[in-house]
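A short worksheet on the structure shown next.
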Amino acid sequence: MHLNIQSIVPKLELIAAEYSCHELLSFTESWLSPQVSNEAILLPGYKTPFRRDRVGKAGGGVIVYVKDNLNCSERRDLVVCGIECIWLEVRFKTKKYLYGTFYVPPNSSPQRQSRHSPLQIDDDLICEDTKKGKKIHDYFCGQSNLDDSNTHLPDIPDTRTDGLGDMTISGNERLIM
Numbered sequence: 007m008h009l010n011i012q013s014i015v016p017k018l019e020l021i022a023a024e025y026s027c028h029e030l031l032s033f034t035e036s037w038l039s040p041q042v043s044n045e046a047i048l049l050p051g052y053k054t055p056f057r058r059d060r061v062g063k064a065g066g067g068v069i070v071y072v073k074d075n076l077n078c079s080e081r082r083d084l085v086v087c088g089i090e091c092i093w094l095e096v097r098f099k100t101k102k103y104l105y106g107t108f109y110v111p112p113n114s115s116p117q118r119q120s121r122h123s124p125l126q127i128d129d130d131l132i133c134e135d136t137k138k139g140k141k142i143h144d145y146f147c148g149q150s151n152l153d154d155s156n157t158h159l160p161d162i163p164d165t166r167t168d169g170l171g172d173m174t175i176s177g178n179e180r181l182i183m
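Heads up, the sequence shown is in this note's numbering, so the first residue is 7 and it goes up one at a time.
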């Protein structure tokens with residue numbers, strides 16, 4: 007599940023009460039800083055969250071909570087500098103899933119829209135494990151705030167009038183809620 011949370015700290019009780027049925031919780035615009043400890047944002051039943059706080063100014067950031075019973079590891083090798091993102095390799099039973107959560111702020115610089123953006127999902131970025139003989143499934147969620155012509159992703163209907171949409175992309179539509 008993905009939400010643009012716009013400050014997670016005051017909403018932790020609501021999140022724990024309403025969303026504990028989900029195995030993975032992804033939030034963009036967490037608005038966290040290094041002054042907020044992981045202990046202060048723990049959710050019952052979930053591992054210590056994976057987080058990427060915005061550096062240099064307030065706002066932004068991403069955070070992902072994973073249920074205690076899931077086996078996962080962070081894929082720092084997929085992180086692109088300057089992009090607020092978290093990549094996890096999650097194992098459900100015998101299958102592996104690459105789970106990415108990202109936030110690209112409105113009015114981002116052209117460098118964030120370049121070929122090196124993690125939003126250009128291609129064989130070089132995602133399928134390296136497949137080339138090594140590992141079967142992996144892709145799952146992405148986040149808020150791009152980019153012109154769709156620069157994201158190199160399939161067309162995704164946007165029902166918001168401002169033209170900015172949250173994205174969830176998967177090779178298996180049954181995985182998307």
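Beta carbons: idealized from backbone N, C-alpha and C, even for Gly.
Quiz item: Which of the three DSSP states, helix, strand or coil, is assigned to V68?
Solution: Note: V68 maps to strand in three-state DSSP.
Self-check item: Bridge partner(s) assigned by DSSP for H8
Solution: Per DSSP, S32.
Quiz prompt | Cα-Cα separation, L131 to L49 | solution = Confidence at L131 is low in this model, with a pLDDT of 37, below 50, so its placement is unreliable and no value can be given for it.
Quiz item: If E95 and R81 are in contact, beta carbons under 8 Å, what's the gap, nearest whole angstrom?
Solution: Going by Cβ atoms, the distance from E95 to R81 rounds to 5 Å, so yes, they are a contact pair.
Quiz item: Do the segment 54–69 and the segment 37–46 touch if we need at least three Cβ pairs shorter than 8 Å?
Solution: Between the segment 54–69 and the segment 37–46 there are three or more C-beta pairs closer than 8 Å, enough to call the two in contact.
Practice problem: Could you tell me which of A23, L30, Y25 and A22 sits nearest to K73, measuring between CA atoms? | Solution: Out of A23, L30, Y25 and A22, L30 has the C-alpha closest to the C-alpha of K73.
Quiz prompt | Buried or exposed (CB count within 10 angstroms, at least 16 for buried), E35 | solution = With 16 or more Cβ atoms within 10 Å of its Cβ, E35 is classed as buried.
Practice problem: Locate the alpha helix (DSSP H) running through L20, then write down its first and last residues. | Solution: L18 to E24 is the span of the alpha helix (DSSP H), which, as asked, contains L20.
Quiz item: Buried or exposed: F187, going by 16 or more other Cβ atoms within 10 Å of its Cβ?
Solution: Residue 187 falls outside the range modelled here, since the chain spans only 7 to 183, and no answer is possible.
Self-check item: Same chain, Cβ closer than 7 Å to P40, neighbours up to 5 away in sequence not counted
Solution: Scanning its chain for C-beta atoms nearer than 7 Å, with the 5 sequence neighbours on each side dropped, one finds around P40 the residues D59, in chain order.
Exercise. Could you please give the first and the last residue of the uninterrupted beta strand (DSSP E) stretch that includes N77?
Key: Run containing N77: N77 to E80, per the beta strand (DSSP E) assignment.
Quiz item: Under a three-way DSSP split, which group does L104 fall into?
Solution: In this structure, L104 counts as strand in the three-state DSSP scheme.
Practice problem: Keeping to the same chain, check which residues put their C-beta closer than 6 Å to that of S32; ignore five residues upstream and five downstream. | Solution: For S32, where only same-chain residues beyond five positions count, the Cβ hits under 6 Å are H8, V70, T107 and C147.
Quiz item: What three-state label does DSSP hand V86 in the structure shown?
Solution: Under the three-state reduction of DSSP, V86 is assigned to coil, being neither helix nor strand.
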